[in-house]
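Presented below is the structure to which this report refers.
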Amino acid sequence: MTNFTEQRQPTTTQDFCEADELEEFHYIVLASVNIFLSVAATLGNVLILFALHKESSLHPPSKLLLRCLAITDLCVGLISHPMFAAQLLFKMYEVRNLCSPFNISESLLSVIFGGVSLLTVTAVSVDRLLALKLGLRYRHTVTITRVGSVLTCFCVVAIAVAFAERFWNFEIFTNVKTGIFIRLHRHQVQMTANSWQPNGEGTPLNIVRYRKTVSAALWIQITLVACYLPRAFTYTFRSAAFAGELYTGTLVLFNSSLNPFLYCWKIKEVRQAVKDTVKRCCSSS
Numbered sequence: 006m007t008n009f010t011e012q013r014q015p016t017t018t019q020d021f022c023e024a025d026e027l028e029e030f031h032y033i034v035l036a037s038v039n040i041f042l043s044v045a046a047t048l049g050n051v052l053i054l055f056a057l058h059k060e061s062s063l064h065p066p067s068k069l070l071l072r073c074l075a076i077t078d079l080c081v082g083l084i085s086h087p088m089f090a091a092q093l094l095f096k097m098y099e100v101r102n103l104c105s106p107f108n109i110s111e112s113l114l115s116v117i118f119g120g121v122s123l124l125t126v127t128a129v130s131v132d133r134l135l136a137l138k139l140g141l142r143y144r145h146t147v148t149i150t151r152v153g154s155v156l157t158c159f160c161v162v163a164i165a166v167a168f169a170e171r172f173w174n175f176e177i178f179t180n181v182k183t184g185i186f187i188r189l190h191r192h193q194v195q196m197t198a199n200s201w202q203p204n205g206e207g208t209p210l211n212i213v214r215y216r217k218t219v220s221a222a223l224w225i226q227i228t229l230v231a232c233y234l235p236r237a238f239t240y241t242f243r244s245a246a247f248a249g250e251l252y253t254g255t256l257v258l259f260n261s262s263l264n265p266f267l268y269c270w271k272i273k274e275v276r277q278a279v280k281d282t283v284k285r286c287c288s289s290s
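If you read the sequence shown in the working numbering, its first letter stands for residue 6, the second for the next number, and so on.
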């Protein structure tokens, strides 16, 4: 008797090109959505990077963390979205010699970009907590060099996990990755709650400004969870349909289009810099 695992249809990260066929409607809609989101994520994050370059009031290490998030989201817009749209079309037209390489490459890159984003969002939360707890020592403790080293480690870890998941044991690393995602989210919530309780050390800081930056970090976390959690459920519940995996995969990538709006909404300095950049572009044209 065939066990349940063997009865399961291949998933988008396993044998996407061999999975059951769907109606062309699904492939066309998802490919179109991903192309649109590719443009939105690319333009939005390019504007954010220009804005962060001109913004001088943010602490440089904090700005570096936001730049890392924006660059990761930009890579999703330039690479992941178009590759996902292409493999959907290759699957629909049964171009198997191109479908499989695109599937492997897109899966690897999406795990890498997603892993770096998740770890960087966690680092943003830690950065905000340290800003409150350390006071004046914060600027001497949290430096560009240290943050750069941490981000480099994030990239190495994300790349290692992506290749191990793809070429070693998909099920094991999917479960581990889902567990890490849930634990990191809980840890972020705890840090956000504790960050409102100064421990008496350090020196006073601009609480109004601090609250705004914590609020921005919290909203980034909320949208990341909202976009990633449905995908985690499709990994956890083996009965998830192939179409559901495709749609939740698009939702994960959609997070990269949302973040620029969150930066503009919650960080006043970034919003003003984006407005100035847009005005200059419009006046020069």
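We treat Cβ as the ideally placed atom computed from N, Cα and C, and that holds for glycine.
Residue i in three-state terms, based on DSSP
i: ILE84; result: helix
i: THR148; result: coil
i: GLU28; result: coil
i: TYR98; result: coil
i: ALA165; result: helix
i: ALA91; result: helix
i: ALA36; result: helix
i: ALA46; result: helix
i: ALA237; result: helix
i: ALA75; result: helix
i: ALA246; result: coil
Sequence-distant residues of its chain with Cβ nearer than 6 Å to residue i (five each side left out)
i: SER37; result: none
i: ILE164; result: ILE117
i: SER62; result: GLU274
i: TYR32; result: LEU93 and MET97
i: ALA167; result: LEU113, VAL116 and ILE117
i: ILE272; result: ALA221
i: CYS80; result: PHE118
i: THR77; result: PHE118, VAL121 and SER122
i: ASN50; result: ALA75, ASP78, LEU79 and PRO265
Run of the alpha helix (DSSP H) containing residue i, from where it starts to where it stops
i: LEU134; result: 101-139
i: ILE272; result: First-last for ILE272: undefined, no H or E at that position.
i: SER62; result: Per DSSP, SER62 belongs to no alpha helix (DSSP H) and is neither H nor E.
Burial state of residue i, where buried means 16 or more other Cβ atoms lie within 10 Å
i: PHE89; result: buried
i: CYS287; result: exposed
i: PRO66; result: buried
i: SER154; result: exposed
i: ARG236; result: buried
i: ALA285; result: Correcting the residue identity first, residue 285 is Arg in this sequence and not Ala. Exposed, since its Cβ has fewer than 16 Cβ neighbours within 10 Å.
i: ASP281; result: exposed
i: ARG144; result: exposed
i: PHE30; result: exposed
i: LEU141; result: exposed
i: VAL152; result: buried
i: PRO209; result: Interpretation of PRO209 is limited by its pLDDT of 46, a score under 50 that renders its predicted location unreliable; the figure taken from the coordinates is listed afterwards. Label assigned to PRO209: exposed.
Own chain residues within Cβ distance below 7 Å of residue i, not counting five before or after
i: CYS232; result: LEU256, VAL257, PHE259 and ASN260
i: LEU83; result: THR47
i: GLU99; result: none
i: ALA278; result: ALA56, LYS59 and GLU60
i: CYS269; result: VAL275, ARG276 and VAL279
i: LEU42; result: HIS86, LEU258, PHE259 and SER262
i: SER105; result: CYS22
i: SER289; result: none
i: CYS160; result: VAL121
i: ALA45; result: SER262
Presumed contact (8 Å Cβ cut-off) between residue i and residue j, rounded CB distance
i: ASN108; j: PHE21; result: 4 Å
i: SER156; j: THR146; result: Sequence check: residue 156 is Leu here, not Ser. 16 Å between Cβ atoms; not a contact.
i: LEU267; j: ALA221; result: 7 Å
i: ARG72; j: LEU54; result: 7 Å
i: THR228; j: THR239; result: Not really, about 19 Å apart at Cβ, beyond 8 Å.
i: LEU35; j: LEU251; result: 6 Å
Residues of its chain near residue i, where Cβ-Cβ distance is below 8 Å and the 5 sequence neighbours each way are ignored
i: LEU74; result: SER122, THR125, VAL126, VAL129, ILE225 and ASN264
i: THR148; result: PRO66
i: ILE40; result: HIS86, PRO87 and ALA90
i: LEU70; result: THR125, ALA128, VAL129, ASP132, VAL152 and LEU156
i: LYS68; result: LEU57 and GLU60
i: SER110; result: MET88
i: LEU135; result: TYR143, THR146 and VAL147
i: ASN204; result: For ASN204, the predicted model reports a pLDDT of 46, less than 50, meaning its position is unreliable and no value from the coordinates is stated.
Any non-hydrogen atom of the ligand ZN closer than 6 Å to residue i Cβ
i: GLY119; result: Questions concerning the ligand ZN fall outside what the structure shown contains, since it holds no ligand whatsoever.
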